[in-house]
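The next block holds one structure in the form of structure tokens; read it before the comments.
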Amino acid sequence: MADCVFCAIVAGSVPAFKVIDSPEGVGFLDTRPVFKGHVLVVPRQHVITLPDLSPTDLPGYFGLVQRVAAAVPQALGAAGTFVAINNIVSQSVPHLHTHVVPRTKGDGLRGFFWPRTKYASDEEATEYAAKIAAELG
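Residues in the sequence shown are numbered consecutively from 71, following the working numbering.
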């Protein structure tokens, strides 16, 4: 879809700090992360919500989400991850995307209040993306 920023990231016409680019989808750093290393995983095709994703694409897409959810703690030394999808409400970009957020005990995240932070520079974002990409192989 021409006016979808996530489709443009998938196509490579909009830059992003990609951690994985595979047939099942693309993972890249959120530009307003809850915590540094927060990855968005999107399917290659433009679908707006999870119910719009073809049942035949579910195993590949969620396999990719699972890989990213395993890689993020290993790459960043986090204890685990928070994995979430918004459908319509609170969905800032109308393209299905799954949040994979690194978590540690006592990190301050409570419920669905997601404080946002910023990367200090593109270089810092590149470092985080590279660590997760390296863990994904």
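Quick reminder that beta carbons are idealized off the backbone N, C-alpha and C, glycines included.
* **Rounded straight-line distance, which links the Cα of Q136 to that of D192** => Here residue 192 refers to the residue found at position 122 of the sequence shown. Here residue 136 refers to the residue found at position 66 of the sequence shown. Looking at the two C-alpha atoms, the distance is approximately 26 Å.
* Asked: Excluding sequence positions up to five away, which residues of its chain have a Cβ less than 8 Å from the Cβ of P93?
  -> What you label residue 93 is simply residue 23 of the sequence shown in a count that begins at 1. Closer than 8 Å at the Cβ level, and outside the excluded window around P93, lie R114 and G130.
* What's the C-alpha gap between A78 and F87? -> Numbered from 1 along the sequence shown, position 8 holds the residue referred to as residue 78. Numbered from 1 along the sequence shown, position 17 holds the residue referred to as residue 87. Cα-Cα distance, rounded: 13 Å.
* Taking only the alpha-carbon atoms, compute the straight-line gap between A195 and P164 and give it to the nearest angstrom. => Here residue 195 refers to the residue found at position 125 of the sequence shown. Here residue 164 refers to the residue found at position 94 of the sequence shown. So the two alpha carbons sit approximately 24 Å from each other.
* Asked: DSSP state of G107, grouped into three classes?
  -> Start at 1 with the first residue of the sequence shown, and residue 107 comes out as number 37. Of the three classes helix, strand and coil, the one that applies to G107 here is coil, per DSSP.
* Give every residue of the same chain whose Cβ lies closer than 6 Å to the Cβ of H167, excluding the five residues on either side of it in the sequence, and list them in chain order. => The residue given as residue 167 occupies position 97 in the sequence shown. Around H167: L110 and V112.
* Candidates S162, R173, G207 and K106: which alpha carbon is nearest C74's? -> Position 4 of the sequence shown, counted from the start, is the residue given in the question as residue 74. It is S162.
* Three-state secondary structure (DSSP) at L166? -> Indexing the sequence shown from 1 puts residue 166 at position 96. In this structure, L166 counts as coil in the three-state DSSP scheme.
* Asked: For the 8 Å Cβ check, are there 3 or more pairs between the segment 89-104 and the segment 114-127?
  -> yes
* Asked: Nearest-angstrom Cα distance between A145 and F105?
  -> Your numbering for residue 145 matches position 75 in the sequence shown. Your numbering for residue 105 matches position 35 in the sequence shown. Going from the Cα of A145 to the Cα of F105 covers about 14 Å.
* Where T187 and H108 are concerned, what is the direct C-alpha to C-alpha distance, given to the nearest angstrom? -> Indexing the sequence shown from 1 puts residue 187 at position 117. Indexing the sequence shown from 1 puts residue 108 at position 38. Roughly 10 Å between the two C-alpha positions.
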